[in-house]
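In what follows, a structure is listed as structure tokens, so that the remarks can point back to it.
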Amino acid sequence: NTPTEGLATSPAERLFGRPTQLLLPSRKRSGYEFSACEAEKKEKLRLKKQLSVDDGRRELSQLDVGDQVRVQPIDGSRQWREATVTRQLSGRSYETTDVNGRTLRRNRRMLRQSSSPKHSHRKLTFATPPQDICEEPAAPCTPPCPPALAPDDMESASETRTRSGRLVKKPMRFQ
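According to full-length UniProt numbering, the sequence shown is numbered sequentially starting from 1.
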């Protein structure tokens, strides 16, 4: 029965439309009615909260049909998929078709405008090799023989090196 800050009633009183009965002594109200004044206070409080939330919100631009967008992943992956806006359904809701042909309905917050132009189809062009160069048959390749180790190199071959080339020395107690 503790009243909410800014209102004269508790959440339980607003739920049941009357004060609840407790075994503990509490304030008594005779002829209690849920007044319109309380509803107005509650509405003012809701509007005040909404204004504070709206202060940090930025308005997103409208998307046109045919815009290239990236769709935020919802399956836990981190890969944003490329898609095309096919139509606008409501104020912030859009229907998109991704690269695989799937149709998705997404809110504007889940769509980011892509930097690629509208209806762009990437065509890859490969450079053709010049025709006037004649190719000579390649000589059979034989692997080179490893050089014979000199006596100085024999003891260095027993030493171990890391991948970066650092010489690994055993501690003195193991020598």
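Note that the Cβ used here is the ideal one computed from N, Cα and C, for glycine as well.
Bounding residues of the beta strand (DSSP E) (the contiguous stretch that carries residue i)
{"i": "A83", "result": "81-88"}
{"i": "residue 187", "result": "Residue 187 falls outside the range modelled here, since the chain spans only 1 to 175, and no answer is possible."}
{"i": "R112", "result": "111-113"}
Counterpart residues of residue i in DSSP-defined beta bridges
{"i": "T160", "result": "V168"}
{"i": "residue 200", "result": "Absent from the structure is residue 200, since the part of the chain shown begins at 1 and ends at 175."}
{"i": "V99", "result": "Beta-bridge pairing links V99 to no other residue."}
{"i": "Q68", "result": "T84"}
{"i": "S93", "result": "N107"}
Rounded distance between the beta-carbons of residue j and residue i, thought under 8 Å
{"i": "T96", "j": "V85", "result": "6 Å"}
{"i": "R81", "j": "V65", "result": "So it is not a contact: roughly 19 Å between Cβ atoms."}
Residue i versus residue j - alpha carbon distance
{"i": "K41", "j": "G6", "result": "7 Å"}
{"i": "E13", "j": "V53", "result": "28 Å"}
{"i": "S61", "j": "Q113", "result": "9 Å"}
{"i": "L63", "j": "S115", "result": "13 Å"}
{"i": "Q175", "j": "S77", "result": "53 Å"}
{"i": "R108", "j": "L51", "result": "21 Å"}
{"i": "S10", "j": "D55", "result": "29 Å"}
{"i": "M172", "j": "D75", "result": "56 Å"}
{"i": "S158", "j": "S164", "result": "17 Å"}
{"i": "V99", "j": "L89", "result": "20 Å"}
{"i": "G17", "j": "A39", "result": "12 Å"}
{"i": "L111", "j": "L47", "result": "28 Å"}
{"i": "T162", "j": "R92", "result": "59 Å"}
{"i": "L22", "j": "R58", "result": "47 Å"}
{"i": "Q68", "j": "C37", "result": "51 Å"}
Residue i in three-state terms, based on DSSP
{"i": "S120", "result": "In this prediction, S120 scores a pLDDT of 47, lower than 50, which makes its location untrustworthy; the coordinate-derived value is nonetheless stated afterwards. Note: S120 maps to coil in three-state DSSP."}
{"i": "R57", "result": "coil"}
{"i": "R18", "result": "coil"}
{"i": "E38", "result": "helix"}
{"i": "E5", "result": "coil"}
{"i": "L23", "result": "coil"}
{"i": "P73", "result": "coil"}
{"i": "L63", "result": "coil"}
{"i": "R78", "result": "coil"}
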